[in-house]
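Below is one structure, written out as structure tokens; the observations come after it.
Residue numbers (this note's numbering): 30 to 208.
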């Protein structure tokens with residue numbers, strides 16, 4: 030049993046030897062959830078629908094004016110006007126921010142789960158999953174619900190020095206430091 034990192038820079042490979050040892054010793058690879066195929070348009074559509082508001086709410090109505098402006102200021106250097114994303118929930122907004130930060134930090138590579146999933150598929154090793162894709166979508170879509178301002182501010186603060194924060198987390202993960 031090992032924790033995973035969903036996005037790793039290429040420099041994080043090869044993985045720590047304990048991961049390969051554990052993989053070789055298992056009959057079935059158990060992952061958090063099944064990784065979607067890039068061309069699975071039905072899943073992409075389901076995800077986009079879950080990530081958007083299906084009622085009268087909008088990002089601009091669930092966030093305070095101050096927090097909305099801070100989020101808008103975050104996106105401005107990327108040429109994104111937050112009004113374009115107004116129909117989406119904070120969970121979707123944070124995932125977009127994470128994607129931008131991963132690219133900016135050159136850390137948007139394959140993660141542990143994708144690495145071993147591909148390996149198991151190529152070797153014909155059975156795979157199992159702890160959660161359904163649908164439950165993962167709902168979890169991501171509903172992040173921050175009920176405390177939208179605090180959720181967005183926490184993420185804005187973490188993204189302020191993302192590369193340092195994420196690099197430290199990867200270093201701790203590599204050596205098994207759970208603090």
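All C-beta atoms in this analysis are idealised placements derived from N, C-alpha and C, irrespective of residue type, glycine included.
Apart from the five residues just before and just after residue i, which ones in its own chain have a Cβ nearer than 6 Å to its Cβ?
i	result
residue 166	76, 79
residue 172	120
Give me, in chain order, the residues of the same chain whose beta-carbon lies closer than 7 Å to that of residue i; leave out the 5 immediate sequence neighbours on both sides.
i	result
residue 96	178, 181, 182
residue 192	134
residue 145	52, 58
residue 116	81, 82, 87
If you follow the beta strand (DSSP E) that residue i is in, where does it begin and where does it stop?
i	result
residue 64	Segment: none, residue 64 is in no beta strand (DSSP E) and carries neither H nor E.
residue 156	156-160
Grab the span of the alpha helix (DSSP H) containing residue i for me, first residue to last.
i	result
residue 118	It is not in any alpha helix (DSSP H) - residue 118 carries neither H nor E in the DSSP assignment.
residue 185	177-188
residue 87	Where residue 87 is concerned, there is no enclosing alpha helix (DSSP H), given that its DSSP letter is neither H nor E.
residue 95	94-104
residue 191	191-203
residue 53	46-54
residue 144	141-152
Could you check the C-alpha separation between residue i and residue j for me, to the nearest Å?
i	j	result
residue 157	residue 134	32 Å
residue 175	residue 154	41 Å
residue 81	residue 47	40 Å
residue 186	residue 152	42 Å
residue 201	residue 195	10 Å
residue 169	residue 198	21 Å
residue 102	residue 109	10 Å
Assuming residue i and residue j are in contact, meaning their beta carbons sit under 8 Å apart, how far apart are those beta carbons, in whole angstroms?
i	j	result
residue 190	residue 60	Their Cβ separation, rounded to whole angstroms, is 30 Å, which puts residue 190 and residue 60 out of contact at 8 Å.
residue 100	residue 111	6 Å
residue 65	residue 162	6 Å
residue 42	residue 131	Contact flag wrong, Cβ pair sits at about 16 Å.
Is there a Cβ of chain B sitting closer than 8 Å to that of residue i, yes or no?
i	result
residue 203	No chain B is part of this structure, which consists of one protein chain only.
Which residues in the same chain have their Cβ closer than 8 Å to the Cβ of residue i, if we skip the five residues on either side of it in sequence?
i	result
residue 159	59, 60, 61, 62
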